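By the count of my numbering, the sequence shown reaches residue 938 at its end, each step adding exactly one. Note that CB positions come from ideal geometry on N, CA and C, so glycine has one too. These numbers come from a predicted model, not from an experiment. What follows is a set of notes on a single structure, which appears directly below.
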Amino acid sequence: MSIETKEIAKDKPVLLIEQEIPQQILQTPATMQAEKFDYTQLLLVIYFVISGLLIAKMLYSILKIKTLKGRKIIYQNRNVILLKEEIAPFSFLSTIYLSEKYFKDQKIDERIFLHEEIHVKQKHSFDVLLIEVVKSFSWFNPFIYFYKNVMITNHEFLADEEVIIKNENIKNYQELILNEVLTQQNLQLTHQFNFNNTKKRFIMMTKKNSKFAEAKKYLVIPAFTALALIFAERTYANDKGAADNYLSITQPTKVNKIYSNDAIKEFLEITDKYADIIRDRDFDRFKKEVPRDEQLKLIELRDQINVIDWNKIPVWVSYQEINKQIPTQKQLNQFLNSDYKITLNGEIIDNIILKSYKNTDFYNVYLLKIQPKNPDYGKFDYAVSLYTTDYAEKFNLQKNIAVSFTVNSEDSKSKTKKDTITPKKDIAAKVSELKSTNNNSNSERKVQDLAISPAVNVTQEVTTVPEYPGGINAMRQKVSNTFNGAAFKGDEGVVKSNINFTISEKGEVSNIKASGNNEIFNTEAIRSVKLANENISWKPATKDGSAVKYIFKLPLTMSFEAFKKTQ
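In structure tokens:
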């Protein structure tokens, strides 16, 4: 066997050896710039531009509010600006803004004013400004917008709650809100009365069990902890049994003291001329021998005397007036029922007589539930006193003056000192002998004269004591003006009661109570004190620089004397 082999080609394969040659790749300037661009800087620029715009918008909104033109007035110790343009009521910082159409007969609708006043008192504008500042620098955080909406909604719930507590007529208040919903309101940073979350507000108003409590509990849950801490409302825990810490008088400033001393001096110069009349407590001689212009001067001077100096004046004089409170037609229809005892211009009448009257014929109405101690208990359920417009206006024009002679001031002081040791006991009121000093005689009906004794200072555990706007004299005058004794029979003699009420750390009055032996007098005293403190904020008491809660104690005394019916 033979093997054949083919001739191998002479061409040898070429061995290729590859070698990597380092090579520098040159980039163009445009390529290098694209690689080094810092997007963080762009984001920062965008962030600060948006933040700047939001800050500018907030400042513009403030400027827009501040440049609103209108007439500035002081209404119930609040700054109010009456605007010429049609705009829904709103509040900002310490000022309430509303159109002139809301200011009728020198009055503002109580519900609107109270709603906006709550925003001012609770400083809701500061909350809004603070959240706007936070939003300007955290605009990218969605929780900020959620928290802002929740906070403003809660503000409105709080304001609505206060209005309903004091007015109770929810339906009437809801109708008022609906009437304002379409009113133009484009101002930012404000609390506007026609806040557009109407449905939620109405739902919260009609929740019988919660009375806004559930809303407040959940709405104040923060979107995140930091904001919750920022907007937490400051409270004072310095209670320490406030029920035992009775407060009485307002300490005068140096200026007030000088002013009070001058008034006392002039007051005593007048009364010294009639020292024997005052010593003998002779009402008839006082009425006949003290000229009316001097009686009027004594009233004027009395208003200038500080409460702590009241024990220095030997006589107390004040006007008797019928206050305006027109009944509704619905009330007038109810009074036709025989369950109501009707007194018209001081005379008891049959209910059927009211059919000849319209509600606008009356100037004042006073309704009182008859208590078991009243002789009319069982015969009637309610006692109603009505005064016609003609009667009331004629009566008020007479400027009838009531006078009371005070007991020895040292006796009153000794009683106060005894009760200072045991503040929970009832403090004896300073008894005053009272009598009307109308120029009329031949009395035909009985009315009450109300004497409000100096408040009793039961504790000294404060740095500063609360102050009523305008001074304690202003409150005394309001209580006296609103007190209505038409429900009394006129033979009660002297009745007295001690009125206690709490002044909170925010200067708000609550928990008004009366202790006395006449239930009708207690009820009317509570009503009068409540009206005198309606829409009023006291300057709260302080201790060591912090606001504290105190209870004010005010003795009231009433004596019945004969007085001629107005012709």
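Please state the DSSP three-state secondary structure of residue i.
| i | result |
| --- | --- |
| LYS440 | coil |
| ILE870 | strand |
| ASN889 | coil |
| ILE489 | helix |
| LEU707 | coil |
| LYS506 | helix |
| GLN696 | strand |
| LYS729 | coil |
| SER465 | coil |
| LYS519 | helix |
| LYS884 | strand |
| LYS750 | coil |
| ILE426 | helix |
| PHE511 | coil |
| ILE479 | strand |
| ASN450 | strand |
| ILE535 | helix |
| LYS701 | helix |
| LYS494 | coil |
| LYS914 | strand |
| ILE648 | helix |
| ILE676 | coil |
Can you round the beta-carbon distance between residue i and residue j to whole angstroms, since I take them to be within the 8 Å contact cut?
| i | j | result |
| --- | --- | --- |
| LEU707 | ILE723 | 7 Å |
| ILE676 | ALA646 | Actually they do not touch by this definition, with Cβ atoms about 19 Å apart. |
| VAL491 | ARG449 | 7 Å |
| GLY324 | SER908 | No answer is possible for residue 324: the residues shown for the chain start at 372 and end at 938. |
| ASP732 | ILE741 | At roughly 25 Å, the Cβ-Cβ gap does not stay under 8 Å, so ASP732 and ILE741 are not in contact. |
| VAL880 | PHE872 | 5 Å |
Just grab the DSSP bridge partners of residue i for me.
| i | result |
| --- | --- |
| TRP909 | DSSP, once it has assigned bridges, lists no residue as partnering TRP909. |
| LEU757 | LEU715, VAL736 |
| ILE720 | ILE713 |
| VAL836 | Paired residue(s): none; VAL836 is not in a bridge. |
| ILE417 | Paired residues: none, contrary to the question. |
| TYR690 | ILE772 |
| SER470 | LEU454 |
| ILE445 | ASN450 |
Please identify the residue among the options whose C-alpha is closest to the C-alpha of residue i.
| i | options | result |
| --- | --- | --- |
| VAL661 | ALA773, ASP498, THR524 | ALA773 |
| SER470 | TRP510, SER868, LEU453, GLU671 | LEU453 |
| LYS472 | ILE421, ASP643, ARG442 | ARG442 |
| LEU415 | PHE508, SER727, LEU500, TRP909 | PHE508 |
| ALA885 | ILE444, LEU925, SER851, LEU501 | LEU925 |
| LEU715 | VAL755, ASN512, LEU464, THR466 | VAL755 |
| TYR737 | LYS506, ASN520, GLU895, ASP721 | GLU895 |
| PHE945 | SER917, SER875, LEU927 | Residue 945 cannot be examined here, being either before or after the span of the chain that is shown, 372 to 938. |
| GLU527 | ILE479, VAL420, ASN512, SER462 | SER462 |
| VAL451 | GLN705, ILE922, THR835, GLU487 | GLU487 |
| VAL900 | GLN666, ILE870, THR913, LEU669 | ILE870 |
| LEU739 | ILE719, TYR762, GLY717, ILE713 | ILE713 |
| LYS420 | PHE511, GLU533, ARG663, ASN893 | It is worth fixing the name first, because residue 420 is Val in this sequence and not Lys. Measuring from the Cα of VAL420, the nearest candidate turns out to be PHE511. |
| GLU532 | TYR711, ILE483, SER422 | ILE483 |
| PHE923 | ASN889, LEU902, PHE892, ASN882 | ASN882 |
| THR524 | PHE514, ILE535, VAL534, HIS495 | HIS495 |
| ASN852 | ALA903, ILE648, LYS658 | ALA903 |
Exposed or buried, residue i, counting other C-beta atoms within 10 Å across all chains shown (16 or more means buried)?
| i | result |
| --- | --- |
| ASP530 | Just to set this straight, residue 530 is Ala in the shown sequence, not Asp. With 16 or more Cβ atoms within 10 Å of its Cβ, ALA530 is classed as buried. |
| LYS726 | exposed |
| ASN745 | buried |
| VAL689 | For clarity, residue 689 is Ser in the given sequence; the question names Val instead. Per the 10 Å Cβ criterion, buried. |
| GLN412 | exposed |
| PRO743 | exposed |
| PHE517 | exposed |
| PRO400 | For PRO400, the predicted model reports a pLDDT of 47, less than 50, meaning its position is unreliable and no value from the coordinates is stated. |
| GLU503 | buried |
| GLU876 | buried |
| LEU434 | exposed |
| ALA763 | buried |
| PHE766 | buried |
| TYR431 | exposed |
| VAL696 | The question names Val, yet the displayed sequence has Gln at residue 696. So GLN696 counts as exposed. |
| SER868 | buried |
Spell out whether any CB of chain D is found under 7 Å from the CB atom of residue i.
| i | result |
| --- | --- |
| THR466 | Among the protein chains of the structure shown there is no chain D, as only one such chain exists. |
Is it the case that the CB of residue i approaches a heavy atom of the ligand ZN more closely than 6 Å?
| i | result |
| --- | --- |
| ILE922 | Although the ligand ZN was asked about, the structure shown includes no ligands whatsoever. |
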